[in-house]
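>
Number of protein chains: 2
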Amino acid sequence: MPEFLTLLPPDEARALLLSHLSGPLADSASADSLQAFGRVLASDVSAPHPLPEFPRSSVDGYAVRASDTFGASESLPGYLTLVGEIPMGAPADMSLAAGQCALIHTGGMLPSNADAVVMLEYTQTSQVSKNLGGLPATEIEISRAVAVGENVIQVGEDVRAGQIVLPRGTSIREAEVGGLMALGIVSVLVVRKPRVGLISSGDEIVEPESAAGLGRVRDINAYTLSALITRGGGEPVRYGIVRDDFSALQAMTQKALAECDAVVITAGSSASTRDMTADVIRTLGAPGVLVHGINTRPGKPTILGAADGKAVIGLPGNPVSALVNGFLFVQPVVEKLLGVLPRPRPTVMARLTLNLASQAGREDWWPVKLIANRQPPTANYDAELIFGKSNLIFTLAAADGLLRIPSDATGLSAGEIVEVVLL
Amino acid sequence: MPEFLTLLPPDEARALLLSHLSGPLADSASADSLQAFGRVLASDVSAPHPLPEFPRSSVDGYAVRASDTFGASESLPGYLTLVGEIPMGAPADMSLAAGQCALIHTGGMLPSNADAVVMLEYTQTSQVSKNLGGLPATEIEISRAVAVGENVIQVGEDVRAGQIVLPRGTSIREAEVGGLMALGIVSVLVVRKPRVGLISSGDEIVEPESAAGLGRVRDINAYTLSALITRGGGEPVRYGIVRDDFSALQAMTQKALAECDAVVITAGSSASTRDMTADVIRTLGAPGVLVHGINTRPGKPTILGAADGKAVIGLPGNPVSALVNGFLFVQPVVEKLLGVLPRPRPTVMARLTLNLASQAGREDWWPVKLIANRQPPTANYDAELIFGKSNLIFTLAAADGLLRIPSDATGLSAGEIVEVVLL
C-alpha cells in the first residue's frame, strides 16, 4: 500500500494540474452566430458601427427641441406645431424649426434638430386654423417640459464603434447571440471543442449493450463523463474498455493522448488497478503523475497527471466517485482548454435537515435532494442528504445537487444554510 | 391608450397562461441513451434486473463468513485459511467452508457462503505448513471482526428489479445517462422537442445580415429567443419579419400556429403595434388574449394568449424586455409541453452593492454583474447593477444574471443578500 502518503486538498490539486497544461487551444472555426450558442469566442469581437446607429425614441410621443418645452406644465402648457410623422424603418428626412414637433413612435429615428421626445401621455392634439397659406395646421399641447436627451437613445449608447464588445473567451449565451445579430455579425470564430479521450479499464467491465451477468458490470463512467464533457463544451472520444494489463492500458492511453487534448482513465477501484494507472501515466511524458491521492470524499484515489502539456487523469471506477471528480477535475481542464472566462457556478442555498459529521481536513461532497419550502430569501429549499455507497449511480440520479463540506469544517448542523452545486 | 387597465402579477399571469395549454406533448421518439442527454423521458423507465446483480465487495480484502471473525482484534487476532482469489469479471465459483477466506478485489463477486469482507488493512499473510496432504497452505491473520454485510454491496442495493428508476418527465443529466447504461438500457423514448414559432414584427426591423442604416434595426429577438428555446429543450422555428400590417401578421401567425406547438410574436414597442398583436391573437381561437399587461419591469406590455390549447405570446420589441420575458413566460411554456419534472433554478446569492428603489406592486428584474468576493457561505459574490434602457442588448451581454425584486418590496438596501438567477 505505497499510495496516499500525502493527500492534497482538492483546490490545491486542481491548481497544480492546471498549471502544467498548455494554454487554451489555438484552433478555431467559423460558426454561424446562432449555431455558436454555447461555444466560446476565439477572438475579440468589436463593434463595426455604433449601436444604435441613429438617435431613437424610447417612447411613443412627439420629437421636439427641448428648449421649446421649457416651462411647460399642466397649468401652463406650451404649444408646438405638428409638421409630420416619422416613418418607421426609414430615415427621418425632416428637420425641426423652432416651435415645431413631429409625431414619433417607439424606436423611430429623431429628425435633425430634435433633441428630446415628449411622451404621448403629456400631450393633447388640437386642430387649429393658421395663416400658413390658408391650410389648417395641427397644434400639439405640451403639459410637461423635457430635458435635452430625454426619452432618446443616443447614438452609441449601447456600444460605441470600434469598442470590444465581446472579448475572447466569452461563452456565447442568448444575450451574446443577440448582441452579435444587432451588429450584423452573423458569423464568429469559436474555439475548437477540446477532445477528451475516455478509457475504461477493468476486467469486470463490459459494454452497456452486453448482458452483464455474474461478476461483470456495465461501463457507466465513459458515458457519464461523455455527457459531462459535452455539457462543458468539449468533445468526448471513447476508446472503449481495456483489460487490466499494463501494456494494453499504456498502448491505448498513448493512442488517446496522441489524438486528444486530454485523457481520462477510469480504472477499477482496487489498489492494484489504481497503481497500474499511475504507472502508465509515469511513462507518457513529463512531468507524469502530479497528484496521487486527494483529500476528498468521494474521490480519494484520484490521480492527476500531465504529459507534455496535456492532462491525464485517473478517476476511481466507482461511478459516483468518477462523476463527482469529473466535475472537480475534468470540467476545469475543458474550461482551461477552451480559455473560457469564468462565470459563477450555478448553486442553490438550502437548509440542511440533519446534522452531518465530517473528517477535518477532508472535503466531502454529498448528493442531496432539494425540497422546496418557503423561507426566502436565504433558503427556498431544504437539502436532504442521499445516503448510499459511492458505487450506487442512482443515488446521483436521485440528487438535485452536491453539497460541499469544506475541509476546514468538522461537520454541519441541522438548520444551517448550505450551498448546493446543482447537477 | 386602452391597454394596461389591469396589470397582472407575473406569477399569476404565468399560471393563467399555463392553465389554458394542452398538457405535455404525446409524441415521442427513440434516442440512444447518450444522445438523450438533455432530453426528457417520454415514459417511465424501470429496472429490468436488480443493481448490482450479485453481491460485490466494496473494498480490497478477504471475503469471509462474518461469524468466523467474531472476537478478532489486534491483541487476539483470528486465523483463516486462504482458499483462493476471486477473479474479476467472472462468477465466483467457489464456496467458503468454516474457517476459510478468499482474496477479493474491490467490485469482485462474493463467493457463496461469504457474507462480509475484511479490509486488507486489517489482515496479514503468513505462510504456514499444514497437514493438507503435505501441501503448504496460507493463513490470513484477521485483526478486526466484521459484521454480516460489512463492506458488501448487496444485490439490489442500488435498484431493485422492476423498480421505476426514472419516471416520465425526468430530464436526462449525466447521472441518468449512467443509470441507464448500468441497466443495459441503451435507448429510451424521449418527448419530441416542442416547436415554438417565432415571428418578428415591425417596419423598422431587418434581417441581421442586412445593412441596418438610418431608421432601421436588425432583428435580435428571433435569435435570442431561438437560443433560449434551444436551451430549454425546444425547437425554434423562425418565420422571419412581418410588416406592421394586420392581415400579414394574422396570416403568418395562423401559419405558425398550425405548424408549431406555440407561437411567440415580438412586436414593435409602440402602442399601435402592440394593439395589433393583441387584435391578431383575438382572431386565432378561444380563449384569445388572456393577459394584456403584466406588472413587471421590463415587460409591462407583454401579451399572453392561448388558441385552442396552444400558447400565443406577444413580447415587447425591446430586446432586453423580450429576453427577460422569454425567461419568464416562454421557457415555462416549453417546460409544460415537455412535461419535465421541475428542478431548482440555478441561482447565486450575492450582496447588493447599492440601494435600489422599486415600485410597490411591481416585480423588477435587473441585470447584474457578479463580482467574486470571499464571504462564504451566504454570499460569495457582490451583485453590481447594470443600468441601461431596455433597448440595450449589451447590458444583458454584460450581465451574469438577473436580480428579482419581488412585487411586495419597495426596494432593496445596499448590503442585503439577494438571489440572482443566472443567465
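Residue numbers (the working numbering), protein chains in the order written: chain A, 1 to 423; chain B, 1 to 423. Note that beta-carbon positions come from the ideal geometry of N, C-alpha and C, so glycine has one too.
1. So, are the CB atoms of Val-217/A and Ala-262/A less than 8 angstroms apart?
2. If you draw a straight line from the C-alpha of Gly-89/A to the C-alpha of Glu-157/A, how long is it?
3. Please decide whether Arg-218/A counts as near chain B, where near means a Cβ-Cβ distance under 8 angstroms.
4. Quick one: grab the DSSP three-state call for Val-196/A.
5. What does DSSP give as the partner residues of His-292/A in its beta bridges?
6. Going by the C-beta, is Gly-299/B closer than 7 angstroms to any heavy atom of the ligand NAD?
7. Does the beta-carbon of Thr-230/A have 16 or more other beta-carbons within 10 angstroms, so that it is buried, or is it exposed?
8. By the criterion of Cβ-Cβ separation under 8 angstroms, what are the contact partners of Val-159/A in chain B?
9. Going by other Cβ atoms of all chains shown within 10 Å of its Cβ, with 16 needed for buried, is Asp-27/A buried or exposed?
10. Once DSSP output is grouped into helix, strand and coil, what is the label at Val-330/A?
11. Under 8 angstroms, do Leu-422/A and Pro-298/A count as touching if we go by C-beta distance?
12. So which residues of chain B does Tyr-381/A contact, with C-beta pairs closer than 9 angstroms?
13. What does Asp-244/B touch in chain A if you count any residue whose Cβ is under 8 angstroms from its own?
14. Can you give me the C-alpha to C-alpha distance between Ser-75/B and Val-368/A, rounded to a whole angstrom?
15. Does Met-1/B pass the burial test, meaning 16 or more other C-beta atoms within 10 Å, or should it be called exposed?
16. Rounded to a whole number of angstroms, what is the C-alpha to C-alpha distance between Thr-302/B and Ser-321/B?
17. Give a yes or no on whether the minimum CB-CB distance between Phe-54/B and chain A is below 8 angstroms.
18. Check whether the Cβ of Glu-363/A lies closer than 8 angstroms to any Cβ atom in chain B.
19. Classify Leu-18/A as helix, strand or coil using the three-state DSSP reduction.
20. Short check: CB of Thr-425/A to CB of Ala-360/A, under 8 angstroms?
21. Between Ala-399/A and Ala-383/A, what straight-line distance do the alpha-carbon atoms span, to the nearest angstrom?
22. Three-state secondary structure (DSSP) at Asp-11/A?
23. Helix or strand or just coil, what does DSSP make of Glu-53/A?
24. According to the neighbour-count rule (16 or more other Cβ atoms, all chains shown, within 10 Å of its Cβ), is Pro-342/A buried or exposed?
25. Taking the C-alpha atoms as reference points, what is the distance between Thr-170/B and Gly-388/A?
26. Examine chain A for any beta-carbon lying closer than 8 angstroms to the beta-carbon of Leu-403/B, and answer yes or no.
27. For Asp-32/B, would you say it is in contact with chain A, using Cβ-to-Cβ distances shorter than 8 angstroms as the test?
28. Would DSSP call Thr-170/B helix, strand or coil?
29. Whose CA, out of Tyr-223/A, Val-334/A, Asp-364/A, lies closest to the CA of Tyr-407/A?
30. Please list, in chain order, all residues of the same chain as Glu-416/B whose beta carbon is under 8 angstroms from its beta carbon, the five residues on each side excluded.
31. Thinking just about the alpha-carbon of each residue, which of Ile-185/B, Gly-234/B, Ala-357/B, Thr-395/B is nearest to the one in Glu-176/A?
32. Return the residue from the list Leu-402/A, Gly-107/A, Gly-149/A that minimises the CA-CA distance to Val-420/A.
33. Please work out which residues of its chain come closer than 6 angstroms, Cβ to Cβ, to Gly-268/A, disregarding the five sequence neighbours upstream and downstream, and give them in chain order.
34. Are the CB atoms of Gln-124/A and Glu-150/A nearer to each other than 8 angstroms?
35. Should Asp-203/A be flagged as near chain B, meaning a C-beta pair shorter than 8 angstroms?
36. Examine the Cβ distances between the stretch 44-63 of chain A and the stretch 208-225 of chain B and report whether three or more of them are shorter than 8 angstroms.
According to the data block:
1. No, Cβ-Cβ distance for Val-217/A and Ala-262/A is not below 8 angstroms.
2. Rounded to the nearest angstrom, the two C-alpha atoms are 20 angstroms apart.
3. Chain B contact via Cβ: present.
4. Residue state, collapsed to three classes: strand.
5. His-292/A pairs with Ile-303/A.
6. The ligand content of the structure shown is nil, which means the ligand NAD is not present either.
7. Buried, by the Cβ-count rule.
8. Going along chain B in sequence order, the residues near Val-159/A (Cβ under 8 angstroms) are Phe-394.
9. Classification of Asp-27/A: exposed, given that the 10 Å Cβ count is below 16.
10. Here Val-330/A sits in helix by DSSP.
11. Between Leu-422/A and Pro-298/A, the gap from beta carbon to beta carbon reaches 8 angstroms or more.
12. In chain order: Pro-344.
13. Those are Met-88, listed as they occur along chain A.
14. Within the model, the alpha-carbon separation for Ser-75/B versus Val-368/A is close to 41 angstroms.
15. With a pLDDT of 40 at Met-1/B, under the threshold of 50, the modelled position of this residue cannot be trusted; read the value that follows with caution. Classification of Met-1/B: exposed, given that the 10 Å Cβ count is below 16.
16. Taking the straight line joining both Cα atoms gives about 9 angstroms.
17. It does; some Cβ of chain A falls within 8 angstroms.
18. Not a single CB atom of chain B sits nearer than 8 angstroms to the CB of Glu-363/A.
19. Three-state result, Leu-18/A: helix.
20. Limits of chain A in this structure are 1 at one end and 423 at the other, which puts residue 425/A out of reach.
21. Their backbone Cα atoms lie some 10 angstroms apart in a straight line.
22. Three-state result, Asp-11/A: helix.
23. In the structure shown, Glu-53/A sits in coil (DSSP, three-state: anything other than H, G, I, E or B).
24. With fewer than 16 other Cβ atoms within 10 Å, it is exposed.
25. If I take the Cα positions, the gap works out to 21 angstroms.
26. Cβ-Cβ to chain A under 8 angstroms: no for Leu-403/B.
27. Answer no: the Cβ-Cβ gap between Asp-32/B and chain A never drops below 8 angstroms.
28. DSSP, reduced to helix, strand and coil, places Thr-170/B outside both helices and strands of the structure shown, so it counts as coil.
29. One detail in the question is off: residue 407/A reads as Ser in this sequence, not Tyr. Selected option, being the one with the closest Cα: Asp-364/A.
30. Here the set comprises Arg-351, Leu-352.
31. Among Ile-185/B, Gly-234/B, Ala-357/B, Thr-395/B, the Cα nearest to that of Glu-176/A is on Thr-395/B.
32. Taking only the C-alpha atoms, the option nearest Val-420/A is Leu-402/A.
33. Excluding residues within five positions, the ones whose Cβ falls inside 6 angstroms are Gly-202, Gly-317.
34. In terms of Cβ geometry, Gln-124/A and Glu-150/A do not form a close pair [threshold 8 angstroms].
35. Yes - at least one Cβ of chain B is within 8 angstroms of the one on Asp-203/A.
36. Touching, yes, given that three or more Cβ pairs across the two stretches are closer than 8 angstroms.
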